[in-house]
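J.: After the structure tokens below, expect a handful of questions from me.
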Amino acid sequence: MASSGFVQLSGALIEAMGQRMDAVKPIEEGVVLRTGDRFLYAFLEDPARVSLETVRRLFDDGGVAPVHVVVLTPGHLPLAISAEVVRRTGTLVEGPRFAELARQLGLGAMLGDAPRAAPTEARRLLPSAQQLDEVMRRARTWLDWGVPALALRFFRQASDMKPGFLPARVGVGQSLLALRLVDEADRQFDEVLKSRPEDVEARLGKAAVLGARAQPQKEVELYRTLLQEDEARTEVRAHLLAALIELGDWRGARVEVEAMLVRTPEEPQLRFLHAVALTRTGEKALGEEEREEARRLGLSFEREEVLCRHLGLPAPAPPATAPAATSPAPEGRATPSGGPARATKGPRRTSRKPAGSARRTSPVAPAKSKRANAHRKRK
2 MASSGFVQLS
12 GALIEAMGQR
22 MDAVKPIEEG
32 VVLRTGDRFL
42 YAFLEDPARV
52 SLETVRRLFD
62 DGGVAPVHVV
72 VLTPGHLPLA
82 ISAEVVRRTG
92 TLVEGPRFAE
102 LARQLGLGAM
112 LGDAPRAAPT
122 EARRLLPSAQ
132 QLDEVMRRAR
142 TWLDWGVPAL
152 ALRFFRQASD
162 MKPGFLPARV
172 GVGQSLLALR
182 LVDEADRQFD
192 EVLKSRPEDV
202 EARLGKAAVL
212 GARAQPQKEV
222 ELYRTLLQED
232 EARTEVRAHL
242 LAALIELGDW
252 RGARVEVEAM
262 LVRTPEEPQL
272 RFLHAVALTR
282 TGEKALGEEE
292 REEARRLGLS
302 FEREEVLCRH
312 LGLPAPAPPA
322 TAPAATSPAP
332 EGRATPSGGP
342 ARATKGPRRT
352 SRKPAGSARR
362 TSPVAPAKSK
372 RANAHRKRK
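Numbering of the sequence shown is given in the numbering used here, commencing with residue 2 and proceeding in unit increments.
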């Protein structure tokens, strides 16, 4: 059985997240808590004692299937078991992220952390506004980290704290969509649009719902409508680019990539997408040059490998390891600092991370002229 300290921590986490517990059941590996919104939180203290059968029981707990299962553990589950959680569309919070969740909720002392000193600088916001800001920050952090189940909990907590707060309600819709609860997400976006018909985030959510319902052409049309209203909305263009890539419309994708590149020329992932678009539209030589430029600007081998896998491209050749004295490593090969792509479109689009992270962009015309000059010099 789980230790009393771990059981106390599990209950404190659920309480701090503002969850209403419908049932609590100790199990050999830890404790399982079912909440009012039919989520099942399984706190597993020792991953070494967890089996595949344990995980399978969680997804059919007493014959009443939960909407979503969230597995939380301070350690790391074996790969086969964590893969089973993901395959069954569950959420896994393990290791450092488990500790981060506890610290976010002020429960670090239960992990053995030393007490933190109170901040000395007074904030201008009222305590209630500070608390709302903190809950929204947690929600957005977990959505950015690809853990929509926890994001949903915090967005709902923010909605309870301030009923009618539209950013929180939009976040609820985005999280539901990321959890593949499409109909619930659609209703949430509709409710926001009743209050504010011009809300761009809710309209983006409606477009993502169309994509989730296998209506990609309508999804693209809605993005184009939003761009006609305001061409400066970079996040709308990023969604459109992701949708076009998913459709395989590389000519359309190239137009959008080049429009985004006009703003920021130093975004390596976007330069990589431009390279692919050039190659797919018949300009292979320019595509190869642009791919090299993306590497020069900082596209790491690991990130390039992920992008290739996502786009169905052959894996890139590993970089040659030459002696440092004769062949110094090129500058600027740092990992891109953009961080994880936001689930802007909701979870259905988790595979769109490359497109989502390609929001910071770069001018195309100067890049083309540089390539042409370099080509002439080689001749």
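Cβ coordinates follow ideal geometry from the N, Cα and C atoms, glycine included. Keep in mind the model is a prediction, meaning the values are calculated, not measured.
1. Do the region 77-85 and the region 46-65 meet, that is, are 3 or more Cβ pairs less than 8 Å apart?
2. If you reduce the DSSP assignment to three classes, tell me which class residue 77 lands in.
3. Should residue 183 and residue 202 be called a contact, given that it needs their Cβ atoms to be closer than 9 Å?
4. How do the region 290-302 and the region 255-274 stand: do at least 3 beta-carbon pairs fall below 8 Å, yes or no?
5. Which whole runs of the alpha helix (DSSP H) in the region 161-228 are 4 residues long or more, in chain order?
6. Let me know the secondary structure DSSP gives residue 280 once reduced to three states.
7. Do the CB positions of residue 74 and residue 40 come within less than 9 Å of each other?
8. As a quick exercise: from 256, 232, 231, 321, pick the residue whose alpha carbon is nearest that of residue 243.
9. For residue 106, which residues from the same chain have a beta carbon less than 6 Å from its beta carbon, with the 5 sequence-adjacent residues on both sides left out?
10. Do residue 113 and residue 96 count as a contact pair if the criterion is CB distance below 9 Å?
11. Please report the straight-line C-alpha distance between residue 148 and residue 138, rounded to a whole angstrom.
12. Could you give the uninterrupted runs of the beta strand (DSSP E) lying entirely in the region 22-99, keeping only those of 3 residues or more?
13. Using a threshold of 9 Å, state whether the C-beta atoms of residue 225 and residue 241 are closer than that.
14. Check for me: the alpha helix (DSSP H) holding residue 132 runs from which residue to which?
15. Relative to the C-alpha of residue 72, which residue among 104, 31, 221, 174 is closest?
16. For residue 158, name the three-state secondary structure that DSSP assigns.
17. Mapping the DSSP letters down to three states, classify residue 109 as helix, strand or coil.
18. Can you check which of these residues, 235, 81, 248, is closest to residue 259 by C-alpha distance?
T.: To lay it out plainly:
1. As far as the Cβ criterion goes, the region 77-85 touches the region 46-65, which means the pair count is three or higher.
2. If DSSP states are grouped into helix, strand and coil, residue 77 belongs with coil.
3. Using a Cβ distance threshold of 9 Å, residue 183 and residue 202 do not count as a contacting pair.
4. Between the region 290-302 and the region 255-274 there are three or more C-beta pairs closer than 8 Å, enough to call the two in contact.
5. If we require 4 residues or more, the alpha helix (DSSP H) runs fully inside the region 161-228 come out as 167-179, 183-196, 201-213.
6. Helix at residue 280.
7. The answer is no: Cβ separation not under 9 Å.
8. Put simply, of 256, 232, 231, 321 the residue whose alpha carbon is nearest the alpha carbon of residue 243 is 256.
9. Only residues of its own chain outside the window of five on either side were considered, and among them 17 have a CB closer than 6 Å to the CB of residue 106, listed in chain order.
10. No, these two residues do not count as a Cβ contact at 9 Å.
11. Each residue's Cα considered, the two are about 14 Å apart.
12. As far as the region 22-99 is concerned, its whole beta strand (DSSP E) runs of at least 3 residues are 22-28, 31-36, 40-45, 69-74, 92-95.
13. Cβ atoms of residue 225 and residue 241: closer than 9 Å.
14. 128-145 is the span of the alpha helix (DSSP H), which, as asked, contains residue 132.
15. Looking at the Cα atoms, 31 is the closest of the given residues.
16. Helix.
17. Looking at residue 109 - three-state DSSP - the assignment turns out to be helix.
18. The option with the nearest alpha carbon to residue 259 is 235.
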